[in-house]
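Right, one structure below, let's go through it.
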Amino acid sequence: MPNATTAHPKTPVSLSAPQLPTPGSRQHWHGVEGAAAQAISLLDAVRREPQLLLVVAANSNIAEDLLGALDFFNLHAEPVAIAQLPDPETLPYDHFSPHPDIVSERLHTLYRLQNDAALHRCGICVVSASSLATRLCPTAHINSQSLVLEVNARLDLDEFKLGLANSGYQHRESVFEHGDFAVRGSVIDLFPMGSEQPYRIELFDEEIESLRTFDPESQRSLDRLETVSILPAGEVALHDQAINHFRDRWHEEFDRDPDHCPIYSDTVAGVTSAGIEAYLPMFYDNTATVFDYLPAKHSIFLLGEVEPAIEKFSADARRRFEQQSIDPTRPLLPPEKLYLSLLECRNALSPAARVQIGDQQKDAAHNPARGEYQLPFHANPAVAIDEHSEQPLQALARYLEQHRLSGLRMLFCVSSAGRRELLLEKLAEANIAASAVDGWQAFLQSQGHGVGIAHFNRGTSLNEAAAVGTLEPGQASRAETSCDINILAEPELFGGAVKPKASRNRERNNLAEATIQSLVELRVGAPIVHIDHGVGRYLGLECMPVPITSGESVDAEFMALEYAGGDKLYVPVTSMHLIARYMG
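Quick note: the sequence shown uses our numbering, first residue 3, plus one each step.
Below is the structure:
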């Protein structure tokens with residue numbers, strides 16, 4: 003069995019991925035299977051040839067798994083800029099719109115693709131095949147509808163409110179999610195798209211006196227800011243020009259009486275209707291695609307079976323169009339006006355430098371002259387923990403003993419700090435020395451085995467010195483210069499699958515059926531579930547003052563919740579969406 007004090011040599015830090023192809027040409031990188039191998043390859047490639055890499059994943063699960071791996075392998079003194087254009091998580095022609103948090107991230111990414119110098123210089127943007135094939139708002143919409151506010155700058159409140167409404171923001175009593183704004187006297191609360199926190203704007207006459215973040219649950223002001231950026235609330239604009247364009251296109255496209263079509267009536271009245279995204283092209287002269295947002299210098303990576311995924315998405319969109327278009331009150335645009343066909347995607351991809359990775363040709367011949375590269379990644383050993391055995395780590399211990407003299411190092415990746423502590427305890431019980439590490443670089447710069455926190459489902463084994471093109475004639479052999487590394491993901495150790503890191507707001511959707519819709523549903527003493535704080539007991543309503551500016555406060559109603567040990571939590575009634583009935 004391995005000795006707990008065994009030291010291993012420090013590992014080299016470079017994979018040396020192949021040189022990227024020139025525009026219009028294509029490579030195949032074989033053997034790059036699983037999120038860990040893919041993340042390592044992409045990060046190495048973009049650091050060697052700085053530019054923007056657009057990574058098109060066959061589906062959103064592959065995209066999320068890759069992003070989880072990038073988070074870990076990109077923990078670096080000089081990290082690569084990472085962006086994601088998330089799927090809207092709606093189906094073509096749905097009657098409802100994407101969640102505001104998803105819209106926020108999509109708009110933020112589209113803005114960054116145009117304006118973020120760091121992303122252009124050395125960055126990776128991940129999209130799914132379906133997002134690649136979806137038509138977008140024109141590039142000018144994002145920049146023309148964005149603005150920056152600064153302390154001491156002039157702000158006309160009435161014009162500002164009108165501008166927010168025209169950009170798609172919703173006027174609410176209180177602000178708790180992206181796309182909301184509220185006005186109380188000279189105080190404006192606003193949760194802009196692309197921002198992680200809402201902002202509170204305090205005016206003195208027509209001058210911005212202060213800018214702060216605030217907590218939407220407690221409504222308390224937090225950190226002071228000097229400037230804030232505000233993106234439009236959606237890809238659809240509702241200013242007069244856009245509405246007139248929509249009205250004209252409606253009569254060109256449809257022969258239905260608009261008086262019997264709610265989405266027409268709402269739109270011409272300046273109201274954002276659920277599912278308005280299905281009418282996006284009617285607001286503009288032309289739509290855009292992801293390709294229109296890319297900087298001049300970029301390469302495109304295709305991750306998995308992208309073309310079949312686009313073909314399936316196109317077929318699904320056509321089928322849903324045929325199913326949904328029978329409603330006379332909701333006429334629909336044909337799929338070709340909302341989505342790119344496979345041929346259109348091929349034509350848009352062809353001028354770019356392209357790399358196919360993660361395909362099925364694991365044993366393809368290494369032939370650089372033909373753009374075929376076999377990268378030095380291998381499948382992991384079968385060393386899963388057997389919880390039913392008296393020696394749960396027996397397979398792992400046996401494997402390490404077999405490679406005790408080879409300089410082998412293992413990096414175990416688990417999904418939480420609690421899982422890391424559990425694994426470190428199990429390793430210690432088996433006399434296997436390992437230490438906690440924060441990221442790939444920290445592991446490479448450490449000694450011995452490591453345990454990190456990462457959200458991906460498949461690791462890899464690699465031999466860095468065997469990377470393609472790094473062993474020139476006359477160099478030492480692979481056995482003499484290399485140090486093998488096994489990277490094991492949590493499912494390879496414990497089974498199951500790692501869920502991608504979901505934002506708090508997306509997790510709210512899981513409580514939809516149990517969500518409290520009205521105070522009358524709450525009974526004093528009844529158990530409830532708070533999305534962040536768990537199971538507690540409802541004690542009733544309490545009225546408390548809430549400071550909004552220095553020396554000024556307003557009274558607000560709070561739901562009093564009691565937890566184990568007598569701890570209490572006060573939740574504003576405006577945040578009732580965070581509370582659900584206890585279903586256990």
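Each residue gets a CB set at the ideal place from its N, CA and C atoms; glycine is no exception.
Exposed unless 16 or more other CB atoms sit within 10 angstroms - verdict on residue i
i	result
Cys2	Beyond the ends of the chain as shown, which are 3 and 586, falls residue 2; an answer cannot be given.
Glu389	exposed
Ser479	In this prediction, Ser479 scores a pLDDT of 34, lower than 50, which makes its location untrustworthy; the coordinate-derived value is nonetheless stated afterwards. Classification for Ser479: exposed.
Thr576	buried
Thr269	buried
Cys545	exposed
Gly527	exposed
Ser275	buried
Glu237	buried
Ser62	buried
Leu328	In the sequence on display, residue 328 carries Ile and not Leu. Answer is exposed; the Cβ neighbour count stays below 16.
Ala566	exposed
Pro337	buried
Pro547	exposed
Ser146	exposed
Pro591	In the structure displayed, the chain extends from 3 to 586; residue 591 sits before or after that span and is not available.
Ser106	buried
Length of the line joining the Cα atoms of residue i and residue j
i	j	result
Arg525	Met412	53 Å
Leu22	Thr462	22 Å
Asn117	Ile144	10 Å
Val128	Asp46	16 Å
Gly568	Leu44	50 Å
Cys263	Gln243	21 Å
Leu77	Trp252	50 Å
Cys347	Ala354	12 Å
Gln421	Gln449	Contrary to the premise, residue 421 reads as Arg rather than Gln in this sequence. One C-alpha to the other measures close to 21 Å.
Arg400	Ala83	40 Å
Pro283	Pro333	14 Å
Met1	Leu571	Because the chain in this structure spans residues 3 to 586, residue 1 falls outside the shown range and cannot be described.
Arg583	Leu541	14 Å
Phe206	Glu554	14 Å
Asp257	Pro330	10 Å
Asn288	Glu80	39 Å
Ala220	Val177	A small correction: the amino acid at residue 220 is Ser; Ala does not occupy that position in the sequence shown. The alpha-carbon atoms of Ser220 and Val177 are separated by roughly 11 Å.
Ala19	Ile64	21 Å
Leu149	Arg321	40 Å
Glu564	Arg222	21 Å
Proximity below 7 Å, CB of residue i to CB of residue j
i	j	result
Val453	Leu425	yes
Pro549	Arg539	no
Leu233	Leu213	no
Thr92	Pro100	yes
Gly441	Phe98	no
Leu1	His300	Absent from the model: residue 1. The displayed extent of the chain is 3 to 586, so no value can be given.
Met195	Ala235	yes
Pro94	Ala319	yes
Pro25	Cys124	no
Pro297	His579	no
Ser417	Glu492	yes
Val153	Ile210	yes
Phe293	Ala350	yes
Asp103	His180	yes
Leu342	Ala135	yes
Leu615	Val57	Outside the shown range of the chain (3 to 586) lies residue 615, about which nothing can therefore be said.
Leu490	Asn382	yes
Ala419	Leu429	no
Val357	Phe303	yes
Leu87	Ala41	no
Leu240	Gly165	no
For residue i: DSSP bridge partner residues
i	result
Trp31	Ile359, Tyr375
Gln172	Asp182
His457	BP columns for His457 are empty, so no partner.
Phe560	Glu544, Pro574
Gly450	Its beta-bridge partners do not exist; DSSP assigns none.
Ile190	Val185, Ile203
Asp486	Asn465
Ser223	Phe216
Cys127	Leu56, Ala85
Ser301	Leu55, Ala355
Gly593	Outside the shown range of the chain, which is 3 to 586, sits residue 593, and nothing can be said about it.
Tyr341	Thr136
*With contact counted as at least three CB pairs below 8 Å, one residue from each stretch, are the region 66-79 and the region 35-46 in contact?*
Because the criterion of three Cβ pairs below 8 Å is met, the region 66-79 and the region 35-46 touch.
*Is there contact between the region 182-192 and the region 157-172, where contact requires at least three CB pairs shorter than 8 Å?*
Yes: at least three Cβ pairs fall under 8 Å.
*Counting Cβ pairs, one atom from each stretch, are 3 or more of them under 8 Å apart for the region 210-224 and the region 132-143?*
Result no; under three Cβ-Cβ pairs closer than 8 Å.
*Any 3 or more C-beta pairs closer than 8 Å across the region 369-377 and the region 389-398*: No, because fewer than three Cβ pairs between the region 369-377 and the region 389-398 fall closer than 8 Å, the two stretches do not touch.
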